[in-house]
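>
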Amino acid sequence: MSLPRPIRISRVEWVCMRNDPVLPKAVIRLVTVRPRAGDGEGRPCERYRVVTWAPDSADRMLVGYFATLTEANAAVKFDIPDPATVVTGHAAFGMYGRSR
Numbered sequence: 001m002s003l004p005r006p007i008r009i010s011r012v013e014w015v016c017m018r019n020d021p022v023l024p025k026a027v028i029r030l031v032t033v034r035p036r037a038g039d040g041e042g043r044p045c046e047r048y049r050v051v052t053w054a055p056d057s058a059d060r061m062l063v064g065y066f067a068t069l070t071e072a073n074a075a076v077k078f079d080i081p082d083p084a085t086v087v088t089g090h091a092a093f094g095m096y097g098r099s100r
């Protein structure tokens, strides 16, 4: 199964859609990562930072930093539905319900 491609919303930002067709699952942003003090002579590099989506950015949680957009997109998982809420059989088709 291939993942849905992220939707580009600016030069450096994408949203990832998964289960919900309206609300994003995550936000990917291209950022420059600088090495921490004491990490040697490392140079700044670009990485794709993935955070969960929430209407208020303070409620977003870090998923991770990735070298490529493809890796960043792959880190965004689908929600597993509660089996009790999954509609199966003829009822899943709505208009084909049993006549009374």
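Okay, so the sequence shown: first residue is 1 according to UniProt numbering, each after it adds one. Even glycine gets a Cβ: it sits at the ideal position worked out from N, Cα and C. This structure is a prediction, so every number in the text was calculated from the model and none was measured.
(1) Any idea which residues DSSP pairs G64 with across the strands?
(2) Along the chain, where does the alpha helix (DSSP H) that runs through A26 open and close?
(3) For the beta strand (DSSP E) containing R5, name the first residue and the last one.
(4) Considering just the uninterrupted stretch of the alpha helix (DSSP H) at A84, what are its terminal residues?
(5) Taking all protein chains shown into account, decide if K77 is buried (16 or more other Cβ within 10 angstroms of its Cβ) or exposed.
(6) Contact defined as beta carbons within less than 8 Å: I believe R29 pairs with R49. What is the distance between those atoms, to the nearest angstrom?
(7) What is the residue span of the alpha helix (DSSP H) that A74 lies within?
On the basis of the data shown:
(1) Its beta-bridge partners are V50.
(2) Run containing A26: none in the alpha helix (DSSP H); it sits in the beta strand (DSSP E), A26 to V33.
(3) No beta strand (DSSP E) contains R5, which DSSP labels as neither H nor E.
(4) First-last for A84: undefined, no H or E at that position.
(5) An exposed status is given to K77, since fewer than 16 other beta-carbon atoms sit within 10 Å of its beta-carbon.
(6) That belief holds up - the Cβ atoms of R29 and R49 are roughly 5 Å apart, short of 8 Å.
(7) Taken as a continuous stretch (DSSP letters only), the alpha helix (DSSP H) holding A74 covers L69 to A74.
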